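Trainee: According to this note's numbering, the sequence shown is numbered sequentially starting from 84.
The C-beta atom is built at its ideal place from N, Cα and C for all residues, glycine as well.
Remember, predicted model here, so these are calculated numbers, not experimental data.
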Amino acid sequence: GKKRREVNFKMGMKGLIASVYIGIQVESNWTKKPLYLLYLFASPIASIFTVIIIYGMLGGNLKSDLFYFALFGSLFYYFLADTFFNTAFSVIDDREHYRVLKYIIVSKTKYFTYTLGRGVGKAILTLISITMNLLWIIPVLKIHISFQLFPLIAGLSVGFVGALGLALAFSGYYLLSIRSETSLMDVLFGGLFLISGAMFSPTILPGFLKTLATYFPLTSTIEMLRFAFFGKHLSQFLAGTPFSQFFGLFLMTNLISFVVGFVLFELALKSAIKKGYLDITTAF
Numbered sequence: 084g085k086k087r088r089e090v091n092f093k094m095g096m097k098g099l100i101a102s103v104y105i106g107i108q109v110e111s112n113w114t115k116k117p118l119y120l121l122y123l124f125a126s127p128i129a130s131i132f133t134v135i136i137i138y139g140m141l142g143g144n145l146k147s148d149l150f151y152f153a154l155f156g157s158l159f160y161y162f163l164a165d166t167f168f169n170t171a172f173s174v175i176d177d178r179e180h181y182r183v184l185k186y187i188i189v190s191k192t193k194y195f196t197y198t199l200g201r202g203v204g205k206a207i208l209t210l211i212s213i214t215m216n217l218l219w220i221i222p223v224l225k226i227h228i229s230f231q232l233f234p235l236i237a238g239l240s241v242g243f244v245g246a247l248g249l250a251l252a253f254s255g256y257y258l259l260s261i262r263s264e265t266s267l268m269d270v271l272f273g274g275l276f277l278i279s280g281a282m283f284s285p286t287i288l289p290g291f292l293k294t295l296a297t298y299f300p301l302t303s304t305i306e307m308l309r310f311a312f313f314g315k316h317l318s319q320f321l322a323g324t325p326f327s328q329f330f331g332l333f334l335m336t337n338l339i340s341f342v343v344g345f346v347l348f349e350l351a352l353k354s355a356i357k358k359g360y361l362d363i364t365t366a367f
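1. Can you give me the Cβ contacts of D176 inside the same chain, cut-off strictly under 8 Å, excluding the 5 residues immediately before and after it?
2. Run through DSSP, which three-state label would Y181 get?
3. Residues in its own chain within less than 6 Å of F329 by CB, not counting five upstream and five downstream?
4. Check whether the segment 336-354 touches the segment 161-178, taking contact to mean three or more Cβ pairs, one atom from each stretch, closer than 8 Å.
5. Contact defined as beta carbons within less than 8 Å: I believe T364 pairs with E179. What is the distance between those atoms, to the nearest angstrom?
6. Taking the alpha helix (DSSP H) that S254 belongs to, which residues open and close that run?
7. Check A125 in the structure and name its three-state DSSP category.
8. Is it buried or exposed, A129, if we count other Cβ atoms within 10 angstroms and call 16 or more buried?
9. Find the nearest neighbour of A252 within the set L123, N169, S229, judged by alpha-carbon distance.
10. Taking the alpha helix (DSSP H) that M96 belongs to, which residues open and close that run?
11. Rounding to the nearest angstrom, what Cα-Cα distance links K123 and G202 in this structure?
12. From the DSSP output, in three-state form, read off S340 for me.
13. Would the segment 234-247 count as touching the segment 106-121 if we require 3 or more Cβ pairs under 8 Å?
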């Protein structure tokens with residue numbers, strides 16, 4: 084009845100909060116907290132200076148929309164991709180490194196709730212990292228901002244849901260994988276960087292890839308977050324598209340990503356339990 088649902092909800096929230104805490108601790112427990120904050124600050128700097136060199140020094144213009152497109156796109160890709168890849172990789176980490184995956188799955192907290200918590204924990208840390216860098220990038224480069232609150236909230240929340248969907252799909256893949264294929268993540272990180280329109284507008288891609296990029300959830304999320312800071316599209320991609328239509332595309336692609344990822348994750352989890360893959364060790 085109602086009381087049981089309340090108890091289940093409270094247990095679920097406790098499990099989620101504990102999972103967020105675990106996620107933050109796993110990411111940061113290798114050093115002292117002040118040093119880890121320095122690490123968070125430094126993490127995206129390589130991509131920031133790469134964009135400055137390519138678009139600024141070589142192109143000779145640090146005030147163009149094209150430069151802002153690439154700079155902010157790279158930062159927001161870092162937020163989404165880091166959340167996505169680290170959440171998916173938690174399967175390997177828990178199974179091979181800490182050897183606790185089977186204990187997590189048989190605990191009272193649902194494994195989906197645990198995975199969600201790990202994702203939220205990583206997203207919080209990455210968001211802190213990006214915020215610290217935006218606080219110096221905007222004044223130092225004298226970037227004129229036209230801030231919009233709704234696109235920012237939508238981009239961060241719905242965008243996280245879409246990235247979580249991708250993470251769930253790849254978590255499912257890792258649950259069924261008996262090899263520790265860390266190289267897959269490296270290949271995907273680079274490939275999705277191109278497809279997501281982080282640095283280059285999807286309009287430069289050939290037919291099929293352009294369509295793929297348009298409907299890829301990270302693409303519209305990155306564009307939504309750019310829109311939150313500039314109040315306009317910075318390239319020909321989606322230029323002239325009414326905001327309602329743009330928002331519809333953004334919402335649809337991210338929700339589909341989550342639903343598909345969740346279904347694949349649950350199917351993979353059942354299969355992994357049945358096949359006895361929860362405590363298997365590979366070449367980690």
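Mentor: According to the structure data:
1. V109
2. coil
3. L321
4. no
5. 6 Å
6. 232-259
7. helix
8. exposed
9. N169
10. 85-111
11. Checking the sequence shown, residue 123 turns out to be Leu, not Lys. The alpha-carbon atoms of L123 and G202 are separated by roughly 16 Å.
12. helix
13. no
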